[in-house]
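**Q** Here you go, one structure.
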Amino acid sequence: MEQRNLLLAIVLSVVILFGFNYLFPQQPLTPQPDPATSGETGAPATAGSVPSIPGVPSTGGAAVPSRDEVIGISPRLSIDTPRLTGSVALRGALIDDLILTQFKETLEEDSPNITLLSPTGSANPYFSRFGWAANPGSGVAVPDAETLWQTDGGPLAPGDPVTLSWDNGAGLVFEQVISVDDEYLFTITQRVTNSGTDAVELAPFGLVSRTGTPDILGFYILHEGPIGFLDEQLREIDYDDLKDDFQGQEVVIDHPTTGGWIGITDKYWLAALVPDQNQAVKTRFVYTQPSNQDRYQADFLYSAASVPAGGSLETTSRLFAGAKEVVKLDAYRDELGIVSFDLAVDFGWFYFLTKPLFYAIHWLNAQVGNFGVAILLLTIAVKLVFFPLANKSYKSMAKMRKLQPEMMDLRERFSEDKQRLNQEMMALYKREGANPLSGCLPILIQIPVFFALYKVMYVTIEMRHAPFFGWIHDLSAADPTTILNGFGLLPWGAPDLGLLNLLNIGVWPLLMGISMFLQQKLNPQPPDPVQAKIFLMMPIMFTFLLATFPAGLVIYWTWNNILSMAQQAIIMKRAGVPLGSGTPKQPTST
């Protein structure tokens, strides 16, 4: 009874945690751009504030121009790195055109590369800008989103920084020295030189702005939206929460901090601002909704500082814009002191288990050159670590199976006296040294690893488009074979059936279900026919449930079942317990 209840509780937990989100996913917010939206591309900064979220320029009712058309309008500084191509708009000094050259949207050969940032005026602007805020009423002209900057060269490439400059005609020269590394990190040194006769107060700022709510997965184990590590705490703001708080006025969530970072994250991509880690800054998450168009901004503002006559002010900040590769985020955290930058990857509450598991798979992949094989090897390593506990459990399970004839006899003899039956059963267990809960231990051991591996498969870009063998070309996606395409023999993929996607059962989920069924046959069978039928349904239920899970996770579960069966079969054979039906024999060894 105890074994049944515990196992059923485990099964129900798995079903609730995963099944609900697959059957009832949150609907992503996908507002369309309003071609007739009016608004400026930026506003002059006031003291202590970052410019308002920019709008989309009015098109007079015409169609919104394409991204390439908008890029062609503004004079630009090109960007060329091993991982990024794009440009900086010289009007406004906006980093608003970035394409990730090593990542494609799909597995198709002609698939376009991932577009990360897009300019103002296109359908969904997403960009970064650095500038200065001046005291109110001071009359100091500072560069805004319409300022046309001058450049001293280009293209912007690793080892070849570029300086942008603008003279306000009143004694102040503003400069931005922009450099980029081989990966995804821009370094922006903001400098202002005062050749006038009076001191001025200025506060440097940086912002990331996004127009339109992107398609999100809406799965509770993954955060997508505004994010930051501020005041020694990870802050994650959901798009939906900002929309819910909007009551016709701009929603602002501010956090003063020293060190940290702030930005907007997707599942695999991140645009994050990194202020000087030794200076105090004010940070904000901002949301507004002009013309029913969602607009989000993450920004920081340094404290105002005086720039004396004949003096200058210089501040260095950074922008990360690229793929959330774990190893690289860790390197930036350690080498540049960007506190907790690795938390941009949503490893969740079980970080202490999930991240080491990722690094184990990552290291094994470096040795064998295949993430799928790395998962198989990791499964063996996990089995070896827990071998003593599992061995003890399987021995106890073998004893339980040997005792089944006696247990059936007791149930028949005391079928009308439940209290006496429980007493006799407990006495039997104690006399034979058997544990009725032994069968649950292997499952309890497996569940934390299963959840951690699921997290790794789901949130890390390293698993995206990682192939295994045969028809598995993406370990982070579900098995593409299904009954509806002849298990891959017919020339089309798995159809999208909405809630009926559970019918898209591939080869690996079927193998997992078969392995689970065979493993179940090795365990002590419930004497109650109703319980037996429930347990018989479990492999079928899990086959349907895991059909939509990442293929890498299903491969792990299948391989783990096979290893468990092998270990259990050896122990049962030594204990004289038949693998199939039959009368138990005397053990040949202890």
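All you need for my numbering is the position in the sequence shown, starting with 1, plus 590. Glycine residues also receive a C-beta, built at the ideal position from the N, C-alpha and C atoms.
1. Can you find at least 3 beta carbon pairs, one from the region 828 to 848 and one from the region 905 to 921, that sit closer than 8 Å?
2. Does any residue of chain B have a CB that is nearer than 8 Å to the CB of Y1146?
3. Look at P715 and S664 and say whether their C-beta atoms are less than 8 Å apart.
4. Evaluate contact between the region 952 to 969 and the region 1044 to 1056, counting only Cβ atoms and requiring at least three cross-stretch pairs below 8 Å.
5. Just tell me which of S712, L1011, S930 has its CA closest to the CA of R825.
6. Whole angstroms is fine: what's the gap from F1134's alpha carbon to N1094's?
7. With DSSP run on the structure shown, which of helix, strand or coil describes D830?
8. Kindly indicate which three-state DSSP category E1014 falls into: helix, strand or coil?
9. Exposed or buried, V864, counting other C-beta atoms within 10 Å across all chains shown (16 or more means buried)?
10. Less than 8 Å separating the beta-carbons of L903 and L792?
11. Helix, strand or coil for Q740, going by three-state DSSP, please let me know.
12. Are the region 706 to 726 and the region 667 to 683 touching by the rule of at least three beta carbon pairs closer than 8 Å?
13. Pair every Cβ in the region 743 to 756 with every Cβ in the region 875 to 891, then say whether three or more of these pairs are closer than 8 Å.
14. Can you have a look at Y810 and say buried or exposed, based on whether 16 or more other CB atoms are within 10 angstroms of its CB?
15. The beta strand (DSSP E) with K694 in it runs from where to where?
16. Beta-carbon within less than 7 Å of F1182's beta-carbon, same chain only, minus the 5 sequence neighbours each way: which residues are those?
17. Just list the residues that DSSP pairs K872 with in beta bridges.
18. Rounded to the nearest angstrom, what separates G761 and N725 at their Cα positions?
19. Between which two residues does the alpha helix (DSSP H) harbouring P946 extend?
20. Rounded to whole angstroms, what is the Cα-Cα separation between P1129 and P880?
21. Would you kindly report the start and end of the unbroken alpha helix (DSSP H) that includes F795?
22. To the nearest angstrom, report how far apart A870 and V640 are at their CA atoms.
23. If G962 and G1142 are in contact, beta carbons under 8 Å, what's the gap, nearest whole angstrom?
24. Any idea what DSSP makes of Y877, helix, strand or coil?
25. Could you pull out every unbroken alpha helix (DSSP H) segment of at least 4 residues lying fully inside the region 689 to 773, listed in chain order?
26. Residues in its own chain within less than 6 Å of I1160 by CB, not counting five upstream and five downstream?
27. When burial is assigned at 16 or more other CB atoms within 10 Å of the CB, is G651 buried or exposed?
28. Let me check understanding here. Comparing Cα to Cα, which of F875, N981, T855 lies closest to D932?
29. Where does L619 sit, in a helix, a strand or coil, going by DSSP?
30. Give me the Cα-Cα distance between A861 and W722, rounded to the nearest whole angstrom.
31. Could you check the C-alpha separation between L1043 and N981 for me, to the nearest Å?
32. How big is the Cα-Cα spacing for F940 and A950?
33. State the Cα-Cα distance for the pair T779 and V730, rounded to the nearest angstrom.
34. CB-CB under 7 Å to P672, same chain, minus the five flanking residues each way: which ones, in chain order?
**A** Short version:
1. no
2. Considering every chain present, this structure includes no chain B. It has just one protein chain.
3. Translated into positions along the sequence shown, residue 715 becomes position 125. Translated into positions along the sequence shown, residue 664 becomes position 74. In this structure, S664 does not lie closer than 8 Å to P715 by Cβ.
4. yes
5. Taking the sequence shown and counting its residues from 1, the one referred to as residue 825 is at position 235. Comparing Cα-Cα distances from R825 to each of S712, L1011, S930, the minimum goes to S930.
6. Residue 1134 sits at position 544 when you count from the first residue of the sequence shown. Residue 1094 sits at position 504 when you count from the first residue of the sequence shown. Rounded to whole angstroms, F1134 to N1094 spans 8 Å at the Cα level.
7. Reading the sequence shown from its first residue, position 240 is the one you call residue 830. In this structure, D830 counts as helix in the three-state DSSP scheme.
8. Here residue 1014 refers to the residue found at position 424 when the sequence shown is read from its first residue. If DSSP states are grouped into helix, strand and coil, E1014 belongs with the helices.
9. By 1-based counting over the sequence shown, the position of residue 864 is 274. V864 comes out buried.
10. Stepping through the sequence shown from its first residue, residue 903 is reached at position 313. Stepping through the sequence shown from its first residue, residue 792 is reached at position 202. Contact flag set, yes.
11. For the purposes of this step, residue 740 is taken as the residue at position 150 of the sequence shown. Correct three-state label for Q740: strand.
12. yes
13. no
14. Taking the sequence shown and counting its residues from 1, one reaches residue 810 at position 220. Exposed, by the Cβ-count rule.
15. Counting from one through the sequence shown, the residue named residue 694 turns up at place 104. From DSSP, the beta strand (DSSP E) with K694 extends over 684 to 694.
16. Past the boundaries of the shown model lies residue 1182; the chain is included only from 591 to 1180, so the question cannot be answered.
17. Here residue 872 refers to the residue found at position 282 when the sequence shown is read from its first residue. DSSP lists P846, L891 as partners of K872.
18. As a working note, residue 761 is residue 171 in the sequence shown. As a working note, residue 725 is residue 135 in the sequence shown. Looking at the two C-alpha atoms, the distance is approximately 16 Å.
19. The sequence position of residue 946 within the sequence shown is 356, counting from 1. Residues 941 to 958.
20. For this step, residue 1129 is matched to residue 539 along the sequence shown. For this step, residue 880 is matched to residue 290 along the sequence shown. Going by the C-alpha atoms only, they are around 52 Å apart.
21. Taking the first residue of the sequence shown as position 1, residue 795 is located at position 205. Here F795 belongs to no alpha helix (DSSP H); instead the beta strand (DSSP E) covers 790 to 801.
22. The count along the sequence shown starts at 1 and reaches residue 870 at position 280. The count along the sequence shown starts at 1 and reaches residue 640 at position 50. Cα to Cα, A870 sits roughly 16 Å from V640.
23. On the sequence shown, residue 962 is found 372 positions in, with the first residue counted as 1. On the sequence shown, residue 1142 is found 552 positions in, with the first residue counted as 1. Right, their Cβ atoms sit about 7 Å apart.
24. The residue labelled residue 877 in the question sits at position 287 within the sequence shown. Residue state, collapsed to three classes: strand.
25. none
26. Taking the sequence shown and counting its residues from 1, the one referred to as residue 1160 is at position 570. None.
27. As a working mapping, residue 651 is identified with position 61 in the sequence shown. Low confidence applies to G651: its pLDDT is 48, below 50, so where it sits in the model is not reliable, and the reading given next is rough at best. Exposed is the call here.
28. Counting from one through the sequence shown, the residue named residue 932 turns up at place 342. Of F875, N981, T855, the residue nearest in Cα terms is T855.
29. Mapped onto the sequence shown, residue 619 falls at position 29. Annotation note: pLDDT 33 at L619 (below 50); position unreliable, coordinate value reported separately. Of the three classes helix, strand and coil, the one that applies to L619 here is coil, per DSSP.
30. Against the sequence shown, residue 861 aligns to sequence position 271. Against the sequence shown, residue 722 aligns to sequence position 132. In a straight line, the C-alpha of A861 is about 20 Å away from that of W722.
31. On the sequence shown, position 453 is the one that residue 1043 refers to. On the sequence shown, position 391 is the one that residue 981 refers to. Taking the straight line joining both Cα atoms gives about 23 Å.
32. As a working mapping, residue 940 is identified with position 350 in the sequence shown. As a working mapping, residue 950 is identified with position 360 in the sequence shown. If you take the alpha carbons of F940 and A950, they lie about 15 Å apart.
33. As a working mapping, residue 779 is identified with position 189 in the sequence shown. As a working mapping, residue 730 is identified with position 140 in the sequence shown. About 21 Å.
34. In the sequence shown, the residue the question calls residue 672 occupies position 82. The residues are D772.
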